[in-house]
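K.L.:
Protein sequences appear in the order of chains D and Y.
Quick note: the first sequence uses this note's numbering, first residue 1, plus one each step.
Quick note: the second sequence uses this note's numbering, first residue 257, plus one each step.
There are 2 protein chains.
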Amino acid sequence: MCQLLGMNCNTPTDIVFSFTGFALRGGQTDEHQDGWGIAFFEGAGVRHLVDHQAAIRSPLAELIKAHPIKSENVIAHIRKATQGKVALENCHPFVRECWGINWVFAHNGDLPEFMPELNGQFLPIGNTDSERAFCYILQQLRLRFGTTPPALSDLSRTLKELCSEIAAFGTFNMMLSNGSALFVHCSTHMHYLIRQFPFNTAHLSDQDVSIDFSSVTTPKDRVAVIATQPLTNNESWAAFGSGELKVFVDGACLTN
Amino acid sequence: MCQLLGMNCNTPTDIVFSFTGFALRGGQTDEHQDGWGIAFFEGAGVRHLVDHQAAIRSPLAELIKAHPIKSENVIAHIRKATQGKVALENCHPFVRECWGINWVFAHNGDLPEFMPELNGQFLPIGNTDSERAFCYILQQLRLRFGTTPPALSDLSRTLKELCSEIAAFGTFNMMLSNGSALFVHCSTHMHYLIRQFPFNTAHLSDQDVSIDFSSVTTPKDRVAVIATQPLTNNESWAAFGSGELKVFVDGACLTN
Chain D
1 MCQLLGMNCN TPTDIVFSFT GFALRGGQTD EHQDGWGIAF FEGAGVRHLV
51 DHQAAIRSPL AELIKAHPIK SENVIAHIRK ATQGKVALEN CHPFVRECWG
101 INWVFAHNGD LPEFMPELNG QFLPIGNTDS ERAFCYILQQ LRLRFGTTPP
151 ALSDLSRTLK ELCSEIAAFG TFNMMLSNGS ALFVHCSTHM HYLIRQFPFN
201 TAHLSDQDVS IDFSSVTTPK DRVAVIATQP LTNNESWAAF GSGELKVFVD
251 GACLTN
Chain Y
257 MCQLLGMNCN TPTDIVFSFT GFALRGGQTD EHQDGWGIAF FEGAGVRHLV
307 DHQAAIRSPL AELIKAHPIK SENVIAHIRK ATQGKVALEN CHPFVRECWG
357 INWVFAHNGD LPEFMPELNG QFLPIGNTDS ERAFCYILQQ LRLRFGTTPP
407 ALSDLSRTLK ELCSEIAAFG TFNMMLSNGS ALFVHCSTHM HYLIRQFPFN
457 TAHLSDQDVS IDFSSVTTPK DRVAVIATQP LTNNESWAAF GSGELKVFVD
507 GACLTN
């Protein structure tokens with residue numbers, strides 16, 4: 001199994017604090033040693049960093065901590081290989097273009113029997129069940145909505161249907177973003193919190209590190225952080241229900 | 257205008273020496289300050305690093321020099337913006353999946369009037385003429401060959417036709433790779449050399465740095481290096497002719 005981290009904000013925000021705790025689970029406080037990856041939206045572009053080394057030993061992970069990248073939408077993943085060899089092409093998050101927009105996807109769980117028919121528009125490069133599910137989702141979106149991207153409400157409803165369909169084949173905890181919304185589906189484990197005014201001090205669960213967010217934010221900032229397991233031990237993380245799809249936009253959860 | 261650097265090898269090779277000289281042209285020995293990028297194939301995967309900072313000031317460029325990445329196919333680009341704002345989504349190389357394979361593309365030149373009809377299968381995310389040309393190439397490959405990737409000879413012949421068609425709209429120096437072959441088209445400036453046994457010492461043009469390749473290679477190694485302008489001043493670089501498409505596989509030029 002793997003762990004996921006997502007961030008969705010109303011202003012470009014760096015993810016160093018959350019990523020610091022999260023990356024420790026990649027080989028130190030947890031067993032997810034088979035690669036990791038992170039994708040930051042910057043405007044319409046995506047900065048996509050993946051590595052098949054454990055996150056705690058990766059120079060790229062050090063770079064992210066040393067040179068904070070600000071983004072409104074981030075998805076990160078640390079991997080414990082279950083299906084697919086340890087190779088760069090199997091590292092999440094995966095990125096594809098659809099409707100001239102970057103889509104970023106990461107998955108936690110197993111879908112051993114999920115073998116959908118793919119029409120060739122989006123095909124897996126590696127051999128994970130996860131990338132297969134991502135290709136299937138994009139294919140179905142294109143089949144349903146043609147060459148014009150749908151409104152957020154239609155997109156959300158369709159993704160909920162597709163996630164339910166895929167989750168019937170196993171465990172489908174997933175994060176998907178098009179750079180404006182972050183869609184998160186939970187089969188088994190997923191937690192989130194919204195940080196907003198008045199900001200407080202947060203303390204990581206995986207390392208003795210605290211940050212006083214009131215000193216690095218403005219009163220208008222709002223940040224949603226979503227993770228497989230809570231990353232801090234003095235904040236109130238809400239658990240997703242099984243089968244829930246939540247949609248985050250501008251740091252708010254639209255589906256409470 | 258921009259500059260391009262490509263490498264195609266028969267064994268995973270690091271590009272640090274060539275990249276060191278090339279990156280200096282990104283703001284120091286030349287004026288290409290509007291971003292840079294590099295893509296390394298690693299198996300079927302691609303490590304894709306892009307930055308809208310000048311290469312000489314980029315921490316990512318430092319990382320590449322400090323932690324050499326070995327690859328059989330690399331494409332790098334430094335940018336002087338002509339069309340498209342300075343933004344991450346406009347940084348080359350561009351990456352797209354077609355036939356379940358990663359394709360990497362970078363372009364030097366201007367195609368101001370090139371406005372092909374795109375059917376929606378591959379759409380630009382940014383607003384450069386370059387990404388438009390890349391999407392058009394992939395679209396035409398899919399239209400001609402359907403859901404099965406063609407043999408190298410058919411692919412090369414088709415790319416030659418497509419490059420000629422696009423080059424009629426302006427300047428089209430470009431590099432394209434599917435991870436096994438590196439296709440290079442020249443409109444105005446492109447040079448290459450093949451390094452193979454017996455290896456010699458090479459000296460960069462842009463900095464007083466030499467490397468004795470005989471100490472870091474085996475007799476079987478073969479490396480093709482392709483660049484807009486020669487990178488070393490004591491080796492014999494061959495110039496491409498205008499309108500030429502050369503195909504490099506396993507460090508050899510197939511189209512001499």
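Note that CB positions come from ideal geometry on N, CA and C, so glycine has one too.
Since this is a predicted model, take the numbers as computed values, not measurements.
1) Using a Cβ-Cβ distance under 7 Å, would Y:ALA317 count as near chain D?
2) Run through the DSSP bridge pairs and tell me what D:TYR136 is partnered with.
3) How should Y:PRO349 be labelled, buried or exposed, when 16 other C-beta atoms within 10 angstroms of its C-beta is the threshold for buried?
4) Quick one, which residues of the region 390 to 415 of chain Y are near chain D if we go by CB-CB under 7 Å, in chain order?
5) Please specify which runs of the beta strand (DSSP E), each continuous and at least 3 residues long, are wholly inside the region 10 to 70 of chain D, giving them in chain order.
6) Would you tell me roughly how many angstroms separate the C-alpha atoms of Y:LEU319 and Y:GLY299, rounded to the nearest one?
7) Report the option in D:HIS52, D:VAL184, D:PHE172, D:CYS135 whose CA atom is closest to the CA atom of D:ARG157.
8) Could you give the distance in angstroms between the alpha-carbon of Y:GLY435 and the alpha-carbon of D:CYS163?
9) Okay, do the region 63 to 82 of chain D and the region 264 to 280 of chain Y touch, 3+ Cβ pairs below 8 Å being the bar?
10) In chain order, which beta strand (DSSP E) runs of at least 3 residues are fully inside the region 110 to 197 of chain D?
11) Closer than 8 Å between beta carbons: that is the criterion. Which residues of the region 289 to 306 of chain Y meet it against chain D?
12) In angstroms with no decimal places, state the Cα-to-Cα distance between D:ASN234 and D:THR13.
13) Under the three-state reduction of DSSP, which class applies to Y:GLU491: helix, strand or coil?
14) Can you check which of these residues, D:LEU182, D:GLN196, D:GLY170, is closest to D:THR188 by C-alpha distance?
15) Give a yes or no on whether the minimum CB-CB distance between D:ALA54 and chain Y is below 7 Å.
16) Work out the CA separation of Y:HIS304 and Y:SER470 for me, nearest whole Å.
17) Residues of chain D with CB under 9 Å from Y:PRO380, in chain order?
18) Please classify Y:ASN456: is it buried, with 16 or more other beta-carbons within 10 angstroms of its beta-carbon, or exposed?
19) If the cut is a Cβ gap below 7 Å, which residues of chain Y does D:GLU89 touch?
20) Three-state secondary structure (DSSP) at Y:PHE361?
21) D:GLY100 and Y:LEU379: beta carbons closer than 7 Å?
22) Could you check what DSSP says for Y:SER498 in three-state terms: helix, strand or coil?
23) Residues of chain Y with CB closer than 8 Å to the CB of D:HIS67, please, in chain order.
24) I need the straight-line Cα distance from Y:ALA343 to Y:HIS308, nearest angstrom please.
25) Compute the distance between the beta-carbons of Y:GLU504 and Y:ASN264, then report whether it is under 7 Å.
26) Can you pull the chain A residues whose beta carbon is under 7 Å from the beta carbon of Y:GLY376, in chain order?
27) Distance check for D:HIS191 and D:LEU254, CA to CA, integer angstroms please.
28) Among D:SER71, D:ARG25, D:GLY35, which one has its Cα closest to the Cα of D:VAL46?
29) Would you kindly check if the distance between the Cβ of D:LEU111 and the Cβ of D:ASP129 is under 7 Å?
30) Please identify the residue among Y:ARG388, Y:LEU449, Y:LEU260 whose C-alpha is closest to the C-alpha of Y:SER492.
31) Could you give the DSSP three-state label for Y:ASN346: helix, strand or coil?
32) Within 10 angstroms of the Cβ of Y:SER227, are there 16 or more other Cβ atoms? Answer buried if so, exposed if not.
33) Strictly by DSSP, which residues pair up with D:CYS302?
34) Flag this pair as yes or no: are the beta carbons of Y:ASN364 and Y:LEU438 separated by less than 7 Å?
35) Which of helix, strand or coil does DSSP assign to Y:SER466?
P.N.:
According to the data block:
1) By one-based count along the second sequence, residue 317 of chain Y stands at place 61. False, the Cβ-Cβ gap to chain D never drops below 7 Å.
2) Taking the first sequence and counting its residues from 1, the one referred to as residue 136 of chain D is at position 136. For D:TYR136, which the question treats as bridged, DSSP gives no partner whatsoever.
3) As a working mapping, residue 349 of chain Y is identified with position 93 in the second sequence. Buried, by the Cβ-count rule.
4) THR403
5) 36 to 42, 45 to 51
6) Numbered from 1 along the second sequence, position 63 holds the residue referred to as residue 319 of chain Y. Numbered from 1 along the second sequence, position 43 holds the residue referred to as residue 299 of chain Y. Straight-line Cα distance between these residues: approximately 21 Å.
7) In the first sequence, the residue the question calls residue 157 of chain D occupies position 157. Among D:HIS52, D:VAL184, D:PHE172, D:CYS135, the Cα nearest to that of D:ARG157 is on D:VAL184.
8) Position 179 of the second sequence, counted from the first residue, corresponds to residue 435 of chain Y. Position 163 of the first sequence, counted from the first residue, corresponds to residue 163 of chain D. Each residue's alpha carbon lies about 33 Å from the other.
9) no
10) 173 to 177, 181 to 185, 191 to 196
11) GLU298, GLY299, ALA300, GLY301, VAL302, ARG303, HIS304, LEU305, VAL306
12) The count along the first sequence starts at 1 and reaches residue 234 of chain D at position 234. The count along the first sequence starts at 1 and reaches residue 13 of chain D at position 13. Answer to the nearest angstrom: the Cα atoms are 21 Å apart.
13) On the second sequence, residue 491 of chain Y is found 235 positions in, with the first residue counted as 1. The answer is coil: DSSP assigns Y:GLU491 none of H, G, I, E or B.
14) As a first step, residue 188 of chain D is located in the first sequence; it is residue number 188 there, counting from the start. Closest by alpha carbon: D:GLY170.
15) On the first sequence, position 54 is the one that residue 54 of chain D refers to. D:ALA54 does not count as touching chain Y.
16) For the purposes of this step, residue 470 of chain Y is taken as residue 214 along the second sequence, with counting starting at 1. For the purposes of this step, residue 304 of chain Y is taken as residue 48 along the second sequence, with counting starting at 1. Roughly 29 Å between the two C-alpha positions.
17) Here the question's residue 380 of chain Y lines up with position 124 in the second sequence. Those within 9 Å of Y:PRO380 in chain D are GLU97, GLY100.
18) On the second sequence, position 200 is the one that residue 456 of chain Y refers to. With fewer than 16 other Cβ atoms within 10 Å, it is exposed.
19) Here residue 89 of chain D refers to the residue found at position 89 when the first sequence is read from its first residue. Those are GLY299, ALA300, GLY301, listed as they occur along chain Y.
20) Position 105 of the second sequence holds residue 361 of chain Y. Here Y:PHE361 sits in strand by DSSP.
21) Start at 1 with the first residue of the first sequence, and residue 100 of chain D comes out as number 100. Start at 1 with the first residue of the second sequence, and residue 379 of chain Y comes out as number 123. A contact, by the Cβ cut-off of 7 Å.
22) Counting from one through the second sequence, the residue named residue 498 of chain Y turns up at place 242. Correct three-state label for Y:SER498: coil.
23) Walking along the first sequence from the start, residue 67 of chain D turns up at place 67. Correct list: PRO315.
24) Sequence index remark: in the second sequence, residue 343 of chain Y carries index 87 (1-based). Sequence index remark: in the second sequence, residue 308 of chain Y carries index 52 (1-based). Cα to Cα, Y:ALA343 sits roughly 6 Å from Y:HIS308.
25) Stepping through the second sequence from its first residue, residue 504 of chain Y is reached at position 248. Stepping through the second sequence from its first residue, residue 264 of chain Y is reached at position 8. According to the sequence as given, residue 504 of chain Y is Phe; it is not Glu. In this structure, Y:ASN264 lies closer than 7 Å to Y:PHE504 by Cβ.
26) In the displayed structure, chain A is absent; the protein chains listed are D and Y.
27) Numbered from 1 along the first sequence, position 254 holds the residue referred to as residue 254 of chain D. Numbered from 1 along the first sequence, position 191 holds the residue referred to as residue 191 of chain D. Computed Cα separation, rounded: 15 Å.
28) Numbered from its first residue, the first sequence carries residue 46 of chain D at position 46. Nearest C-alpha to D:VAL46: D:SER71.
29) Taking the first sequence and counting its residues from 1, one reaches residue 129 of chain D at position 129. Taking the first sequence and counting its residues from 1, one reaches residue 111 of chain D at position 111. Yes, the Cβ-Cβ distance between D:ASP129 and D:LEU111 is below 7 Å.
30) Here residue 492 of chain Y corresponds to residue number 236 of the second sequence, with the count starting at 1. Selected option, being the one with the closest Cα: Y:LEU449.
31) On the second sequence, position 90 is the one that residue 346 of chain Y refers to. Three-state DSSP puts Y:ASN346 in a helix.
32) Past the edges of chain Y, shown from 257 to 512, lies residue 227 of chain Y, and the structure says nothing about it.
33) The question about residue 302 of chain D has no answer here: the residues shown for chain D are numbered 1 through 256.
34) For the purposes of this step, residue 364 of chain Y is taken as residue 108 along the second sequence, with counting starting at 1. For the purposes of this step, residue 438 of chain Y is taken as residue 182 along the second sequence, with counting starting at 1. Not a contact, by the Cβ cut-off of 7 Å.
35) The count along the second sequence starts at 1 and reaches residue 466 of chain Y at position 210. DSSP places Y:SER466 in strand when its eight states are reduced to three.
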